[in-house]
Amino acid sequence: GDSVTQTEGQVALSEEDFLTIHCNYSASGYPALFWYVQYPGEGPQFLFRASRDKEKGSSRGFEATYDKGTTSFHLRKASVQESDSAVYYCALGDLTQVVGQLTFGRGTRLQVYA
Amino acid sequence: AQTIHQWPVAEIKAVGSPLSLGCTIKGKSSPNLYWYWQATGGTLQQLFYSITVGQVESVVQLNLSASRPKDDQFILSTEKLLLSHSGFYLCAWSLEGANSDYTFGSGTRLLVI
Chain A
1 GDSVTQTEGQ
11 VALSEEDFLT
21 IHCNYSASGY
31 PALFWYVQYP
41 GEGPQFLFRA
51 SRDKEKGSSR
61 GFEATYDKGT
71 TSFHLRKASV
81 QESDSAVYYC
91 ALGDLTQVVG
101 QLTFGRGTRL
111 QVYA
Chain B
1001 AQTIHQWPVA
1011 EIKAVGSPLS
1021 LGCTIKGKSS
1031 PNLYWYWQAT
1041 GGTLQQLFYS
1051 ITVGQVESVV
1061 QLNLSASRPK
1071 DDQFILSTEK
1081 LLLSHSGFYL
1091 CAWSLEGANS
1101 DYTFGSGTRL
1111 LVI
């Protein structure tokens, strides 16, 4: 079945560091890729999506480019802030489906230290 | 603006007791609705989805059931809770189509003891 693999566990950075969280997918249909962010005690929030090869999604200084060749959608940010500390989820949808049935990765916890 | 409200915010329940969690969406007609479950520190597992009133599809069997009695309401329930039901339950809505993003509620934290 369709699956998403992202950077395991926790990423610890200092403020103004560069962030990369890797996301790779395996899908048989026509994938759409998403990034969500979850702060403690809250539901996940949509960051952005991409559904075509080489399409770039971005929001709040985060960005990712859909690469069909490497089946990847890595999340990047040039300069992280302490307020970016949260859990980030990569998610996979199938454009052939009428109903979204997002498959989420296991999440990557980002901890940014001042 | 659309709003999504989940209730209760948190519950502590005994094993074997019944459960009912609710979710209401305001400001959007005929949304797709979803229930997700998240174990502590875990990923998000889709449980059910619904595209219209009275129709609910199960994605994962966890001895839970769901119903959509009104266009804007989604209910998750069970008659007998298990310890394994503990976790964070999230309701979400989206527009039609797999390219639509989800808007999640604030969740219900459930502890089964």
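Residue numbers (the working numbering), protein chains in the order written: chain A, 1 to 114; chain B, 1001 to 1113. Backbone N, C-alpha and C fix where the C-beta goes; we use that ideal spot for every residue, glycine too.
Listed along chain A are 42 and 43, each with a C-beta nearer than 7 Å to that of residue 1106 of chain B. Around the beta-carbon of residue 1068 of chain B, 16 or more other beta-carbon atoms lie within 10 Å, marking it buried.
The C-beta of residue 1071 of chain B comes no closer than 8 Å to any C-beta of chain A. Note on residue 113 of chain A: under 16 other CB atoms within 10 angstroms of its CB, so exposed under the neighbour-count rule. For residue 1011 of chain B, there are no neighbours in chain A by C-beta distance under 8 Å, as the nearest C-beta there is about 15 Å away.
When C-alpha distances from residue 1023 of chain B are compared across B:1097, B:1075, B:1096 and B:1083, the shortest belongs to B:1075.
Pairwise C-beta distances place the stretch 29-45 of chain A out of contact with the stretch 1007-1020 of chain B, as fewer than three of them are shorter than 8 Å.
Under DSSP, residue 1101 of chain B forms no beta bridge with any residue.
In the DSSP assignment, no residue is bridged to residue 1080 of chain B. Between residue 1046 of chain B and residue 1060 of chain B, the gap from beta carbon to beta carbon is short of 8 Å.
Shown here for residue 70 of chain A: same chain residues with a beta carbon closer than 8 Å to its own, the five before and five after excluded, namely 24 in chain order. Identification of residues in the stretch 1081-1110 of chain B having a C-beta nearer than 9 Å to some C-beta of chain A yields 1088, 1090, 1091, 1092, 1094, 1095, 1096, 1097, 1098, 1099, 1100, 1101, 1102, 1103, 1104, 1105, 1106, 1107 and 1109, given in sequence order.
Residue 108 of chain A is bridged by DSSP to A:88.
Of all residues in the stretch 1015-1047 of chain B, those with a C-beta nearer than 7 Å to a C-beta of chain A are 1032, 1043, 1044 and 1046, reading in chain order. At least 8 Å separates the CB of residue 1075 of chain B from every CB of chain A. Contact with chain A is absent for residue 1112 of chain B, since none of that chain's Cβ atoms lies less than 8 Å from the residue's Cβ. Using a Cβ distance threshold of 8 Å, residue 1004 of chain B and residue 1105 of chain B count as a contacting pair. Note on residue 7 of chain A: 16 or more other CB atoms within 10 angstroms of its CB, so buried under the neighbour-count rule. For residue 1069 of chain B, the enclosing beta strand (DSSP E) begins and ends at 1065-1070.
Taking 8 Å as the cut-off, the Cβ atoms of residue 1008 of chain B and residue 1078 of chain B do not count as close. Per the C-alpha coordinates, the member of A:52, A:61 and A:31 positioned closest to residue 83 of chain A is A:61. One thing to note: residue 19 of chain A has its Cβ within 8 Å of the Cβ of residue 77 of chain A. Rounded to the nearest whole angstrom, the C-alpha separation of residue 17 of chain A and residue 1063 of chain B is 45 Å.
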